[in-house]
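This report concerns only the one structure given below.
Protein chains: 2
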Amino acid sequence: MRELSRESVSDIAVGSAVLGTGGGGDPSLGQWMAIHAIEEYGPVRLITVDELDRDSLVVPAGMMGAPTVLVEKIPGGQELVNAYQRMETLLGKTIEAIMPVEAGGVNSLLPLVLAAQKGIPVVDADSMGRAFPEVHMTVFHLNGLSPEPAVLADEKGNTAVLYPADGDWYEGLARELTVRMGGSVAVLDYPLRGEQVKQSAIPGTLSLAERVGSMLRQFHSRENSPVQSMIEQLEAVLLFQGKVVDVERRTESGFAKGKVCLTGTGSYRERECELLFQNEFLAAQGEGKVIATTPDLICVLDEETGTPVTTEKIRYGMRTVVIGLPCHPKWRTVDGLNLVGPRRFGYPFDYVPIPKTIQGSV
Amino acid sequence: MRELSRESVSDIAVGSAVLGTGGGGDPSLGQWMAIHAIEEYGPVRLITVDELDRDSLVVPAGMMGAPTVLVEKIPGGQELVNAYQRMETLLGKTIEAIMPVEAGGVNSLLPLVLAAQKGIPVVDADSMGRAFPEVHMTVFHLNGLSPEPAVLADEKGNTAVLYPADGDWYEGLARELTVRMGGSVAVLDYPLRGEQVKQSAIPGTLSLAERVGSMLRQFHSRENSPVQSMIEQLEAVLLFQGKVVDVERRTESGFAKGKVCLTGTGSYRERECELLFQNEFLAAQGEGKVIATTPDLICVLDEETGTPVTTEKIRYGMRTVVIGLPCHPKWRTVDGLNLVGPRRFGYPFDYVPIPKTIQGSV
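Note that the protein sequences, when read in sequence, are chains W and Y.
Residues in the first sequence are numbered consecutively from 1, following full-length UniProt numbering.
Residues in the second sequence are numbered consecutively from 1, following full-length UniProt numbering.
And the structure:
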């Protein structure tokens, strides 16, 4: 257990946006919200999965919707509090710890906002080890845990609770409500006992994000290529380096979907790469070949500063470096790939594990 | 308090379809479901609003969605039971009486199904005194009562609970869920104490329906024109008599919307009439004039038998009589007309009270 410093919060925000693979929201927004909450309500304690009491009631919290919406419709905080109170009322119990659903510039930080307000700890874990577009794409779902009661709340005072027939119905009904509620809503779901979190959650996601964020901050102040240093430190794979020459973006069925075209720079000169996204970057392909796919992490960083670039912010002319990180082993199983593999998102190709061999230098 | 006979159930079904003004479902379906439940679980007791205990927990129940969907996707009963159980769990109390939300061939009968299964009485009242398309078009809403928690359930095992910001949000979110859940769902909402039912509900709707149904049955067996006898007995107004020459019907945003064109027969020969509907018949116009509008009741009956004709069953060639009945006085107020007047449904005209003078003979 440790108290999170302002610097830690800032590092978690930036690092989570890297792990968020383009989704999960903008880190400056997430950082601002968390620091504001800590200043108003007091410090936040981070606890490890091991430190968690077996009987504690733990609830994951975050926003769902298109990240493009989140840019203009900033979460006010009240929707999170409404969802939180409804969850406690429904369970007839007090929530004892909170955790992120996914890694993301906003979604890793919102649990800190609630933790500060409620004076409860944040668990250093999440349910994806990255970010995914759909609400049931969690290791909890993979392990047969129920999201019930799943609570959605908006800033207008609406709250909805779902008891879905299965994971697909959960996603379908929650997405429909999210769109009607304005494109983004607060979600609290999968209320779990500490024991279930220990067994199922992906541990250490927040401290990994902090490490990534801290690396970028330190390298940035000392070196010319923070990205190269980060690739080495994280044992990441360089997938591409290039300039954004086209972005196709549309908001469809409550998602930000589209394609980014890159033309190579540096050692990738005269080559092309296409990034396909649905909230998150889900596949990279070039010269007729699939380079990397979901569930592995495809992270786009600013070439110069190493700052993570989200799918809603990426635009023409940006100079980027695309790196790959292997996903959590739970996603590389048959069940895992059925839930979050590329075909699940309608892409006409199978999962291609990130190659260890195309590691290059920026 | 009295036990409902098989004949009463049958009369209630037919009479409710008359009061349902074309909506609320097909009476043969409703009748079949109620009689089947009574045979399986035992008799149903009907109690008046006066007999209701002031502290009893009373919950209205019914189906929402497009009646056209209900024809093919017949309620299985399990969705009602799921919604019922969820409501009891949420309230932490046992439901002590059930009542219809609206008058309708299915919606007046579903409470009887639940009453038989649960061994509780049905209250002789409803919240509309007719049927309306939207879920919050109730006298409860008019009186500031909250629908919370509003429980929706489908036959696939999904349950959703809404705590809406206001009536429009309730309708909007519930409609979105209904469409996604397949076009029709069971709804239990406005959990009330007996005292609130006494103050707000429209009393006697089921016994009025029974009287209408019984009239049609008796007249039908004795006379040539059951419709004319019914007009006299109910002090209804003859609005039109004619043959259906065209039906425009579409399922839009979860509603069955459209228009029926009639060409006059009998004393209406050489005249034309148009009926506009959205689940229910909401306006009648002819020769450039508005003849009758919501919230007054516009009921379409088979010319020969007096059988009510619903909006999903009306078709080319049917010979019909259109009668008008004044709505409950609560709907003729400014607030009432704002909620259920013709402009609310997008029609470009104001409420026209049913004239007393065009009473004619069939």
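From the three backbone atoms N, C-alpha and C, an ideal C-beta is built for every residue, glycine too.
On a predicted model such as this, the values are computed, not experimentally measured, just so you know.
As assigned by DSSP and simplified to three states, the class of Lys289/W: As a first step, residue 289/W is located in the first sequence; it is residue number 289 there, counting from the start. Looking at Lys289/W - three-state DSSP - the assignment turns out to be strand.
Thinking C-beta only, is Glu210/Y closer than 8 Å to Ser8/Y? Taking the first residue of the second sequence as 1, we reach residue 8/Y at position 8. Taking the first residue of the second sequence as 1, we reach residue 210/Y at position 210. Going by C-beta atoms, Ser8/Y is nearer than 8 Å to Glu210/Y.
Considering only the beta carbon of each residue, do Ala160/Y and Val161/W sit closer than 8 Å? In the second sequence, residue 160/Y corresponds to position 160, counting from 1. In the first sequence, residue 161/W corresponds to position 161, counting from 1. Contact annotation: Ala160/Y and Val161/W have beta-carbon atoms nearer than 8 Å.
Residues of the region 160 to 183 of chain W whose Cβ lies closer than 7 Å to any Cβ of chain Y, in chain order: Ala160, Val161, Leu162, Tyr163, Pro164, Ala165, Trp169, Gly172, Leu173, Glu176, Leu177, Arg180
Against Lys156/W, what residues of chain Y qualify as contacts under a CB-to-CB distance less than 8 Å, listed in chain order? For the purposes of this step, residue 156/W is taken as the residue at position 156 of the first sequence. Neighbours of Lys156/W on chain Y, chain order: Ala165, Trp169.
Indicate whether at least one CB of chain B lies closer than 8 Å to the CB of Arg6/W. Of the chains in the structure shown, none is chain B; the protein chains are W and Y.
Answer with yes or no whether the minimum CB distance from Arg86/W to chain Y is below 8 Å. Reading the first sequence from its first residue, position 86 is the one you call residue 86/W. Yes, its Cβ sits closer than 8 Å to a Cβ of chain Y.
What is the DSSP secondary structure of Gly324/W, counted as helix, strand or coil? Locating residue 324/W in the first sequence gives position 324, counting from the first residue. Correct three-state label for Gly324/W: strand.
Would you report the Cα separation of Arg86/W and Lys156/W, rounded to the nearest angstrom? Taking the first sequence and counting its residues from 1, the one referred to as residue 86/W is at position 86. Taking the first sequence and counting its residues from 1, the one referred to as residue 156/W is at position 156. Roughly 15 Å separates the two Cα atoms.
Expected contact under 8 Å - CB spacing of Glu148/W and Met128/W to nearest Å: Taking the first sequence and counting its residues from 1, one reaches residue 148/W at position 148. Taking the first sequence and counting its residues from 1, one reaches residue 128/W at position 128. Actually they are not in contact, since the Cβ atoms of Glu148/W and Met128/W sit about 19 Å apart, beyond 8 Å.
Where Ala97/W and Ala186/Y are concerned, what is the direct C-alpha to C-alpha distance, given to the nearest angstrom? Locating residue 97/W in the first sequence gives position 97, counting from the first residue. Locating residue 186/Y in the second sequence gives position 186, counting from the first residue. In a straight line, the C-alpha of Ala97/W is about 36 Å away from that of Ala186/Y.
Over what stretch of residues does the alpha helix (DSSP H) that includes Ser108/Y continue unbroken? Your numbering for residue 108/Y matches position 108 in the second sequence. Unbroken run through Ser108/Y: none, as it is neither H nor E.
Simplified DSSP assignment, three categories, for Ser146/Y: Residue 146/Y sits at position 146 when you count from the first residue of the second sequence. Correct three-state label for Ser146/Y: coil.
With a floor of 4 residues, list each alpha helix (DSSP H) that falls wholly inside the region 205 to 277 of chain Y, ordered by position along the chain. 205 to 222, 226 to 234
Name the residue from Asp124/Y, Leu239/Y, Val245/Y whose alpha carbon lies nearest to the alpha carbon of Ser267/Y. Counting from one through the second sequence, the residue named residue 267/Y turns up at place 267. Ranking Asp124/Y, Leu239/Y, Val245/Y by Cα distance to Ser267/Y puts Leu239/Y first.
Since Thr138/Y sits in a beta bridge, which residues does DSSP pair it with? Counted from its first residue, the second sequence places residue 138/Y at position 138. In DSSP, Thr138/Y forms no bridge with anything.
Could you check whether Asp189/W and Ala150/W sit closer than 8 Å to each other, using their CB atoms as the reference points? On the first sequence, residue 150/W is found 150 positions in, with the first residue counted as 1. On the first sequence, residue 189/W is found 189 positions in, with the first residue counted as 1. Taking 8 Å as the Cβ cut-off, Ala150/W and Asp189/W qualify as a contacting pair.
What's the C-alpha gap between Glu171/Y and Pro164/Y? The sequence position of residue 171/Y within the second sequence is 171, counting from 1. The sequence position of residue 164/Y within the second sequence is 164, counting from 1. Those two C-alpha atoms are separated by around 9 Å.
Under 8 Å, do residue 413/Y and Leu216/Y count as touching if we go by C-beta distance? Residue coverage of chain Y in this structure runs from 1 to 362, which leaves residue 413/Y outside it and unanswerable.
Does the Cβ-Cβ distance between Gly77/Y and Val113/Y come in under 8 Å? For this step, residue 77/Y is matched to residue 77 along the second sequence. For this step, residue 113/Y is matched to residue 113 along the second sequence. Yes.
When the Cβ atoms of the region 47 to 65 of chain Y are set against those of the region 313 to 331 of chain Y, are three or more pairs found closer than 8 Å? no
Span of the alpha helix (DSSP H), counted from its first residue to its last, around Asp124/Y: For the purposes of this step, residue 124/Y is taken as residue 124 along the second sequence, with counting starting at 1. Taken as a continuous stretch (DSSP letters only), Asp124/Y belongs to no alpha helix (DSSP H), as it is neither H nor E.
Buried or exposed, going by whether 16 or more other CB atoms sit within 10 Å of the CB of Gly119/W? In the first sequence, counting from the first residue as 1, residue 119/W sits at position 119. Exposed, by the Cβ-count rule.
With distance defined between alpha-carbon atoms, name the residue in Glu280/Y, Gln278/Y, Gln241/Y, Cys273/Y nearest to Thr265/Y. Locating residue 265/Y in the second sequence gives position 265, counting from the first residue. Closest by alpha carbon: Gln241/Y.
If you pair each beta-carbon of the region 7 to 22 of chain Y with each one of the region 86 to 95 of chain Y, do three or more pairs fall below 8 Å? Contact between the region 7 to 22 of chain Y and the region 86 to 95 of chain Y is absent, because fewer than three Cβ pairs lie under 8 Å.
Secondary structure of Ser5/Y, DSSP reduced to three states: For this step, residue 5/Y is matched to residue 5 along the second sequence. The answer is coil: DSSP assigns Ser5/Y none of H, G, I, E or B.
For the beta strand (DSSP E) containing Gly65/Y, name the first residue and the last one. On the second sequence, position 65 is the one that residue 65/Y refers to. 57 to 65 is the span of the beta strand (DSSP E), which, as asked, contains Gly65/Y.
Could you work out which residue in Thr263/W, Ile47/W, Ser10/W is closest to Ile38/W when comparing CA atoms only? Sequence index remark: in the first sequence, residue 38/W carries index 38 (1-based). Among Thr263/W, Ile47/W, Ser10/W, the Cα nearest to that of Ile38/W belongs to Ser10/W.
Could you tell me whether the region 281 to 301 of chain Y touches the region 340 to 358 of chain Y, where touching means 3 or more Cβ pairs closer than 8 Å? yes
Tell me whether Gln218/W is buried or exposed, calling it buried when 16 or more other Cβ atoms sit within 10 Å of its Cβ. As a working mapping, residue 218/W is identified with position 218 in the first sequence. The residue in question, Gln218/W, is exposed, as its Cβ has fewer than 16 Cβ neighbours within 10 Å.
Reduced DSSP category for Ile98/W - H, G, I as helix; E, B as strand; rest coil: Locating residue 98/W in the first sequence gives position 98, where the first residue counts as 1. In this structure, Ile98/W counts as strand in the three-state DSSP scheme.
Using the Cβ count rule (16 or more neighbours within 10 Å means buried), how would you classify Ser108/W? As a first step, residue 108/W must be located in the first sequence, where it is residue number 108. A residue is called buried when at least 16 other Cβ atoms come within 10 angstroms of its Cβ; Ser108/W meets this threshold and is buried.
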